[in-house]
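Asks: Could you have a look at this structure, given as structure tokens, before my questions?
2 protein chains.
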Amino acid sequence: MSRALDLDEQVDDLVLLLDLVRHGRARTRPELARRSGLGRTVVSARLTRLLDADLVVEGELGPSTGGRAPRELRFRAEAGAVLVAEVGATGFAVGVTDLGGALREHRHRAWDVSAGPEATLDRIADDLEDLRGDVGDVAPIWGLGLGLPGPVEFASGRPVAPPIMPGWDGHPVREHLAGRFGVPVWVDNEVNTMALGELRHGVARGVSDLLYVKIGTGIGAGLVTGGRLHRGAQGAAGDLGHTAVHEDSGIVCRCGNRGCLEVLAGGGALARDAVTVARGGHSGRLAARLADAGELTARDVVEAAREGDQESRRMLEHAGVLIGTTLSVAVNLVNPAMVLLGGQVGASSDQVLAAVREIVYRRSLPLATRELRIEPSPLSGRAGLIGAATMVVDELLSPARLVRWLQDGSPVGRADLT
Amino acid sequence: MSRALDLDEQVDDLVLLLDLVRHGRARTRPELARRSGLGRTVVSARLTRLLDADLVVEGELGPSTGGRAPRELRFRAEAGAVLVAEVGATGFAVGVTDLGGALREHRHRAWDVSAGPEATLDRIADDLEDLRGDVGDVAPIWGLGLGLPGPVEFASGRPVAPPIMPGWDGHPVREHLAGRFGVPVWVDNEVNTMALGELRHGVARGVSDLLYVKIGTGIGAGLVTGGRLHRGAQGAAGDLGHTAVHEDSGIVCRCGNRGCLEVLAGGGALARDAVTVARGGHSGRLAARLADAGELTARDVVEAAREGDQESRRMLEHAGVLIGTTLSVAVNLVNPAMVLLGGQVGASSDQVLAAVREIVYRRSLPLATRELRIEPSPLSGRAGLIGAATMVVDELLSPARLVRWLQDGSPVGRADLT
């Protein structure tokens, strides 16, 4: 009892020290004291707890450089494993990571999310089981993280009125998966997990204000303010895809409205327009591809553009202009230090990147773009899985969970097993 | 020395307890213990320090309701005073508040901000001196807060490339005023201080995600995410006024670009269009007013609309539609719980409010608007002054300053007096 109380009082220090080691911002005891602002005695006492719990390990003495060489501290990322999955409109990926977010193995499966939550989650769970079996000597699984292509109420892990996921509204996703694996589960919008992946393990490390824009079949954004994911009042933040850009457009979006950015400039729109172009005889390359495959995708347009197809380049530039116009409002409002373009189209089309850059640099406030970097997301395809793992580990190492971990030797409690 | 070290270790608790009392979230010792998560013994020990420093007072015993009645705790807002000023494009306001942000006295002066920093800041300082003299028995002045109509680098208190303030770029505003009054000075964009005023003392209390839109001569926004002001990577966040809405418009904005939202829908645009309408014989009311006064302002348009003038109503509706269209992107991106319209036009035009509501509710994602409140800012004219005081007190009660306060009996150090 007194030990538990004692832990409660120390837990903020413990979380702080663990974060410093985990994110590589402090590698020795003196660095920990300096960065945390805690006294050396306090650092030593707290560190003993983290060493006892095998969350941190202390290495050998380094070579002396005059004075006593400090031992190197390291977060024991191999102490546990995390199962992760990322669902898009036309497929999902599953993976296994360590506690540091490093992907040990991952796989992709073509899948239609409109198959509904039961079938989709069961398929994901089966694939995760298979993957876990194939990976073999895996550490204890301590959590599961899932990204979904729509708004999610983060506290409950339930989708909220997702425009492109019929049947998923309010589905108890967390309970469904927690019951199967007996570990705690966290669920978020997949663009949020992608942003988190780049923020914590990618090119956006150390960036405080980030706008991550996924341009795949649909268009969505993940917003980071002050170093933290901004989810908004209903978990709907980042929904740039359903901004109305041409209300007089006759094209109806999956969300039911007309003229949304996504239905005019997303991957679905590119595929649709590509078929028209191919059938109209305006692009030999696209026509040949359509004849071969029986359909065209946004990826076909990006590849044809790379090979020099003028119509494909024009389509991608047009999409980039529409996306850039909406992003210029976002840049003025948020003044991010970095905009990352991810997703099949965003991360790989030079035309989209160039058009977005041109529009945003021209139309946003000079001060807001003076040091703004607009770049493709280097992690793109893996950012969502890595971010989902990060989300899980952040939650596992939150104060309440960490107290349980240090008391019971595991972060998983009885409440997680239902 | 040991007492100072001791203070350093306790200061996070002290800030937490003081915030709970100051914001009315805890009024008794048991409430403090419950809300802070600290033990009762710790609460009592820390509270003694705050009582000794006269920052908190403990009232008489209340009537017993069975058991011992707890004494009521109160933040001693009267312990110090704060000088505040808010600069707009066409005038500034000065005021004196207590530490709770309550305005004791305030005044407005018509003034052209393009007169430059030296003349403007000297005039403000003179008016603050006069006001302080007139108020009389004022507590010690412990800080000065200033809102400016442009981007400000908060850490240095310097304007950064402000579009409508020629000569102010990089001016050492803080040093200028600190030298005159011998107190610490904090400077921010005036829309940020307005947002802070409503967030902490107005209708947005308890709101975590807020978008405050000032529609005066210009148009600007203050963004609150996760309960904190979001200033962005260069302090330029919230600049919706210079979003391009009609690039093919021939009208050049004060910022140098064409077709900005502000130059088409701000108060300056309304005044300009009102003159055209009056001269063209389309509005007897506006023509009469123009003949009387020799000029027309946005306020004239708002008043004429209230009296039934159709052309004025049409102009305000048009402005509202343009503003609403830009805001719908902001609402989709941020998913705020509340949008407040402030400024001379924003807080008082029914037509602008109605048009903004209609456009945002129609064009933003249903989930993002399901519980969204769009309202005029009730504090509007005073929100900036109250927010500036709040900014100052927040900084004075930050850990480093609080340590000094408790040691020296004053939050003002030698470094502030230059």
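Quick note, the sequences are listed as chains A and B, same order. Okay, so the first sequence: first residue is 1 according to the working numbering, each after it adds one. Okay, so the second sequence: first residue is 1001 according to the working numbering, each after it adds one. Idealized CB from N, CA, C, for every residue including glycine. Keep in mind the model is a prediction, meaning the values are calculated, not measured.
#1: In this structure, does DSSP put His176(A) in helix, strand or coil?
#2: Determine, using beta carbons only, whether Thr1193(B) and Gly1387(B) come nearer to each other than 7 Å.
#3: Is the distance from the Cβ of Thr390(A) to the Cβ of Gly101(A) below 7 Å?
#4: For the region 1212–1246 of chain B, enumerate the residues whose C-beta is nearer than 7 Å to any C-beta of chain A, in chain order.
#5: Contact criterion: CB-CB distance below 7 Å. Does Leu1333(B) meet it with respect to chain A?
#6: For Arg1299(B), I'd like the list of residues in its chain whose CB is within less than 7 Å of its CB, leaving aside the five on either flank, ordered along the chain.
#7: When DSSP labels each residue in this structure, what does Ser81(A) get in the three-state scheme?
#8: Interface residues of chain B around Ala337(A) at Cβ under 9 Å?
#9: By DSSP, does His988(B) sit in helix, in strand, or in coil?
#10: Measuring CA to CA, which of Leu1017(B), Arg1180(B) and Glu1086(B) is closest to Leu1397(B)?
#11: List, in order along the chain, the chain B residues whose C-beta lies closer than 7 Å to that of Arg370(A)?
#12: What three-state label does DSSP hand Phe181(A) in the structure shown?
#13: Measure the CB-CB distance between Val1329(B) and Val329(A) and report whether it falls below 7 Å.
#14: Rounded to whole angstroms, what's the CA-CA distance from His108(A) to Ala1347(B)? Just pull it up for me.
#15: Mind listing which residues of the region 1127–1139 of chain B have their C-beta closer than 8 Å to chain A's C-betas, in chain order?
#16: DSSP state of Asp1292(B), grouped into three classes?
#17: If we count Cβ pairs, one from each stretch, closer than 8 Å, do we get three or more for the region 1361–1369 of chain B versus the region 1231–1250 of chain B?
#18: Run the CB neighbour count on Ala195(A), radius 10 Å, all protein chains shown included, and call it buried at 16 or more, exposed below.
#19: Please identify, using Cβ separations under 8 Å, the residues of the region 165–192 of chain A that lie next to chain B, in order along the chain.
#20: What are the complete alpha helix (DSSP H) segments, minimum 4 residues, inside the region 1080–1159 of chain B?
#21: Anyone know if the C-beta pair for Ala178(A) and Val187(A) falls short of 7 Å?
#22: So if DSSP puts Arg373(A) in a beta bridge, which residue, or which two residues, is it bridged to?
#23: Please tell me whether Pro1149(B) has its Cβ less than 7 Å away from any Cβ of chain A.
#24: Between Asp1425(B) and Val1152(B), what straight-line distance do the alpha-carbon atoms span, to the nearest angstrom?
#25: Assess, as a yes-or-no matter, whether the region 224–235 of chain A is touched by the region 392–410 of chain A under the definition of 3 or more beta carbon pairs within less than 8 Å.
#26: Kindly indicate which residue of Thr225(A), Ile164(A), Arg104(A) and Gly256(A) has the alpha-carbon position closest to the one of Gly133(A).
#27: Any beta-carbon of chain A closer than 7 Å to the one on Val1277(B)?
#28: Do Val1084(B) and Gly1145(B) come within 7 Å of each other at the CB atom, strictly closer than that value?
#29: State the Cα-Cα distance for the pair Asp1408(B) and Leu1050(B), rounded to the nearest angstrom.
#30: For Asp1209(B), decide whether its Cβ has a neighbour in chain A, counting only Cβ atoms nearer than 7 Å.
#31: Taking just the CA atoms, how far does Gly1206(B) sit from His1023(B)?
#32: Could you check whether the region 279–290 of chain A touches the region 310–321 of chain A, counting it as contact only if at least three pairs of C-beta atoms, one from each stretch, sit closer than 8 Å?
#33: Could you give the first and the last residue of the continuous alpha helix (DSSP H) run that contains Ile359(A)?
#34: Comparing the C-beta of Pro399(A) with each C-beta of chain B, is any distance below 7 Å?
#35: Quick one: residues in its chain with C-beta nearer than 7 Å to the C-beta of Gly1266(B), no 5 flanking neighbours on either side, listed in chain order?
#36: Leu14(A) by DSSP, collapsed to three states: which one?
Replies: On the basis of the supplied data:
#1: Start at 1 with the first residue of the first sequence, and residue 176(A) comes out as number 176. DSSP, reduced to helix, strand and coil, places His176(A) within a helical segment of the structure shown.
#2: The count along the second sequence starts at 1 and reaches residue 1193(B) at position 193. The count along the second sequence starts at 1 and reaches residue 1387(B) at position 387. In terms of Cβ geometry, Thr1193(B) and Gly1387(B) form a close pair [threshold 7 Å].
#3: Mapped onto the first sequence, residue 390(A) falls at position 390. Mapped onto the first sequence, residue 101(A) falls at position 101. Yes, Cβ-Cβ distance for Thr390(A) and Gly101(A) is below 7 Å.
#4: Taking 7 Å as the cut-off between beta carbons, the residues of the region 1212–1246 of chain B near chain A are Ala1221, Leu1223, Thr1225, Gly1226, Arg1228, His1230, Gly1232, Ala1233, Gln1234, Ala1236, Ala1237, Gly1238, Asp1239, Leu1240, His1242, Thr1243 and Ala1244, in sequence order.
#5: Along the second sequence, one-based indexing puts residue 1333(B) at 333. Output row for Leu1333(B): interface = yes.
#6: In the second sequence, counting from the first residue as 1, residue 1299(B) sits at position 299. Hits under 7 Å: Gln1344.
#7: The residue labelled residue 81(A) in the question sits at position 81 within the first sequence. Rather than Ser, the amino acid found at residue 81(A) in this sequence is Ala. Reduced to three states, the DSSP call for Ala81(A) is strand.
#8: The sequence position of residue 337(A) within the first sequence is 337, counting from 1. Neighbours of Ala337(A) on chain B, chain order: Gly1232, Ala1233 and Gln1234.
#9: In the structure as shown, chain B begins at 1001 and stops at 1418. Residue 988(B) is therefore absent and cannot be evaluated.
#10: Translated into positions along the second sequence, residue 1397(B) becomes position 397. Comparing Cα positions, the closest option is Leu1017(B).
#11: Residue mapping note: residue 370(A) aligns to position 370 of the first sequence, counting from 1. At a beta-carbon threshold of 7 Å, the residues of chain B lying near Arg370(A) are Gln1234, ordered along the chain.
#12: Residue 181(A) sits at position 181 when you count from the first residue of the first sequence. Residue state, collapsed to three classes: helix.
#13: Counted from its first residue, the second sequence places residue 1329(B) at position 329. Counted from its first residue, the first sequence places residue 329(A) at position 329. One thing to note: Val1329(B) has its Cβ within 7 Å of the Cβ of Val329(A).
#14: As a first step, residue 108(A) is located in the first sequence; it is residue number 108 there, counting from the start. As a first step, residue 1347(B) is located in the second sequence; it is residue number 347 there, counting from the start. A straight line joining the alpha-carbon of His108(A) with that of Ala1347(B) spans about 52 Å.
#15: Of all residues in the region 1127–1139 of chain B, none has a C-beta nearer than 8 Å to a C-beta of chain A.
#16: In the second sequence, counting from the first residue as 1, residue 1292(B) sits at position 292. Asp1292(B) falls in the helix class under three-state DSSP.
#17: By the Cβ test, the region 1361–1369 of chain B is not in contact with the region 1231–1250 of chain B, since fewer than three Cβ pairs between them sit closer than 8 Å.
#18: By one-based count along the first sequence, residue 195(A) stands at place 195. It counts as buried.
#19: So the list is empty, because no residue satisfies the distance condition.
#20: Runs of the alpha helix (DSSP H) lying entirely within the region 1080–1159 of chain B, each at least 4 residues long, are 1117–1135 in chain order.
#21: Within the first sequence, numbered from 1, the residue matching residue 178(A) stands at position 178. Within the first sequence, numbered from 1, the residue matching residue 187(A) stands at position 187. It is not a contact, given that the beta carbons lie outside the stated cut-off.
#22: Counted from its first residue, the first sequence places residue 373(A) at position 373. Met338(A).
#23: Along the second sequence, one-based indexing puts residue 1149(B) at 149. Chain A has no Cβ within less than 7 Å of the Cβ of Pro1149(B).
#24: Because chain B here runs from 1001 to 1418, residue 1425(B) falls outside it and cannot be looked at.
#25: Per the Cβ contact rule, the region 392–410 of chain A is not in contact with the region 224–235 of chain A (fewer than 3 Cβ pairs under 8 Å).
#26: The sequence position of residue 133(A) within the first sequence is 133, counting from 1. When each option's Cα is compared against that of Gly133(A), the closest is Arg104(A).
#27: The count along the second sequence starts at 1 and reaches residue 1277(B) at position 277. So no, Val1277(B) is outside the interface.
#28: The residue given as residue 1145(B) occupies position 145 in the second sequence. The residue given as residue 1084(B) occupies position 84 in the second sequence. Cβ distance < 7 Å, so Gly1145(B) and Val1084(B) count as in contact.
#29: On the second sequence, position 408 is the one that residue 1408(B) refers to. On the second sequence, position 50 is the one that residue 1050(B) refers to. Asp1408(B) and Leu1050(B) have their C-alpha atoms some 13 Å from each other.
#30: In the second sequence, residue 1209(B) corresponds to position 209, counting from 1. By this cut-off, Asp1209(B) is an interface position.
#31: Mapped onto the second sequence, residue 1023(B) falls at position 23. Mapped onto the second sequence, residue 1206(B) falls at position 206. For His1023(B) and Gly1206(B), the distance between alpha carbons rounds to 10 Å.
#32: Yes: the two stretches touch, three or more of their Cβ pairs being nearer than 8 Å.
#33: Residue 359(A) sits at position 359 when you count from the first residue of the first sequence. It spans Asp350 to Arg363 - the alpha helix (DSSP H) in which Ile359(A) sits, taken as one unbroken run.
#34: Stepping through the first sequence from its first residue, residue 399(A) is reached at position 399. No, no contact with chain B.
#35: Your numbering for residue 1266(B) matches position 266 in the second sequence. Ile1215, Thr1217, Gly1218, Ile1219 and Gly1241.
#36: For this step, residue 14(A) is matched to residue 14 along the first sequence. Helix, per DSSP.
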